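Numbering (the working numbering), first residue to last: 8 to 47.
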């Protein structure tokens, strides 16, 4: 699994834009840990 900064560099999309995409539902994690809310 990649950290957001690593994914940002690989995809050449800013961290801010990735967070925005997540906010509007464009990017969804494969799974979310129900105890920690950790997204994978």
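Quick reminder that beta carbons are idealized off the backbone N, C-alpha and C, glycines included. Quick caveat, the model's predicted, so the values are computed rather than measured.
In the DSSP assignment, residue 11 falls within the unbroken alpha helix (DSSP H) covering 11-18. Straight across, the Cα-Cα distance linking residue 42 with residue 19 is about 31 angstroms. In the structure shown, the three-state DSSP call for residue 34 is coil.
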